[in-house]
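One structure below.
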Amino acid sequence: MGIFTAKKEIGPDTVLQRRNDLLFNEIDGEMVMLSIHNGEYYGMDKVGSRIWKILSEPIKLSCLVDKLILEYEINRDQCLIDTVNFLEKLHDKALIFYETIPDKQ
């Protein structure tokens, strides 16, 4: 019998960062990268590429969404949904990592 663990959810206080061991380059405003870990190539559109740039430093999801709302014409709820979906795909491919920091009480 195996041990099952629940996938950690990405929430407002989740701190995200991209992996540093990926090869990537920007071409015409879009990011192209190679994961040596998976042996796969990935391409991102302009919004995905912007998120990738922001993830060069650790950032909370809530702050990431705030930045995107200022740069793009999108409402907060839709931005949050789209961003979390995108981040989960990046995480599933081991392109980013994240950790939820518990509130200090």
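When you line the sequence shown up against my numbering, it's residues 2 to 106, in that order. Note that CB positions come from ideal geometry on N, CA and C, so glycine has one too. Bear in mind that the values here come from a model prediction, so they are computed numbers and not experimental data.
Write down the C-beta distance between residue i and residue j rounded to the nearest angstrom, noting that I regard them as a contact closer than 8 Å.
i	j	result
Ser57	Gly30	Not a contact, Cβ separation roughly 16 Å.
Ile84	Ile52	The question names Ile, but residue 84 in the sequence shown is Thr. 7 Å between Cβ atoms; contact.
What is the DSSP secondary structure of residue i, reduced to helix, strand or coil?
i	result
Arg19	strand
Ile82	helix
Gly44	strand
Leu56	coil
Leu62	helix
Ile97	strand
Please classify residue i: is it buried, with 16 or more other beta-carbons within 10 angstroms of its beta-carbon, or exposed?
i	result
Tyr42	exposed
Arg19	buried
Tyr73	exposed
Please work out which residues of its chain come closer than 6 Å, Cβ to Cβ, to residue i, disregarding the five sequence neighbours upstream and downstream, and give them in chain order.
i	result
Met34	Leu23, Phe25, Tyr43
With a CB to CB cut of under 7 Å and the five nearest residues on each side skipped, what residues in its chain are close to residue i?
i	result
Ile97	Leu17, Gln18, Arg19, Arg20, Leu56, Leu88, Leu91
Met2	Note on Met2: pLDDT 45, under 50, position unreliable in the model; the coordinate value appears next. Cβ neighbours of Met2 beyond the five flanking positions: none.
Met45	Glu31, Met32, Trp53
Ile102	Asp14, Val16
What's the C-alpha gap between residue i and residue j?
i	j	result
Gly40	Leu71	35 Å
Asn76	Asp67	10 Å
Compare the C-beta of residue i with all C-beta atoms of chain D and state if any pair is closer than 7 Å.
i	result
Phe98	Structure shown: chain D not included; a single protein chain is present.
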